[in-house]
Amino acid sequence: MADDTIFHKIIRREIPADIVYEDDDLIAVRDIAPQAPVHVLFVPKESFATLNDVPPSQAEVVGRLALAAARYAKSEGFAEDGYRIVMNCNAHGGQTVFQIHLHLLAGAPLGHFGTP
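Numbering (my numbering), first residue to last: 185 to 300.
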């Protein structure tokens, strides 16, 4: 079932989560297996399994996630130090939950991508 991921269950309050932000369009929760001191997941309430499934006519869905992450970073006081936002797409991209979501990582130097 497309609307039966862990994120859908959190949105429906069927399972507990540490919710740090919510509005009409999205919810943000702390990751249960953080990869940085701050690791928050921003999830749209509308269902899209992967980034590939978001039609161009609904590009604002992705924009809302990014801007919500930026607002959160500012409100928590680490925006000036810096943060990373990441979206994984499909198995080779590291996606494990098939509802799009954006990872916000911060709280420590995160290094560079592609460094051998």
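Note that CB positions come from ideal geometry on N, CA and C, so glycine has one too. What you are looking at is a predicted structure, and each value in this text was computed from that prediction instead of being measured.
Under the three-state DSSP convention, the category residue i falls into
i: E206; result: strand
i: R214; result: strand
Extent of the continuous beta strand (DSSP E) to which residue i belongs
i: F226; result: V222 to P228
i: I269; result: Y267 to V270
Enclosing alpha helix (DSSP H) for residue i [first to last residue]
i: L288; result: First-last for L288: L286 to A290, but that is the beta strand (DSSP E), not the alpha helix (DSSP H).
i: I190; result: I190 to I195
Bridge partners - residue i, DSSP secondary structure assignment
i: R255; result: R255 is not bridged to any residue.
C-alpha gap between residue i and residue j, whole angstroms
i: A252; j: F226; result: 8 angstroms
i: G277; j: F191; result: 19 angstroms
i: A180; j: D187; result: Residue 180 lies beyond the residue range present for the chain, which begins at 185 and ends at 300; the question has no answer from this structure.
i: Q283; j: L294; result: 25 angstroms
i: P240; j: I203; result: 29 angstroms
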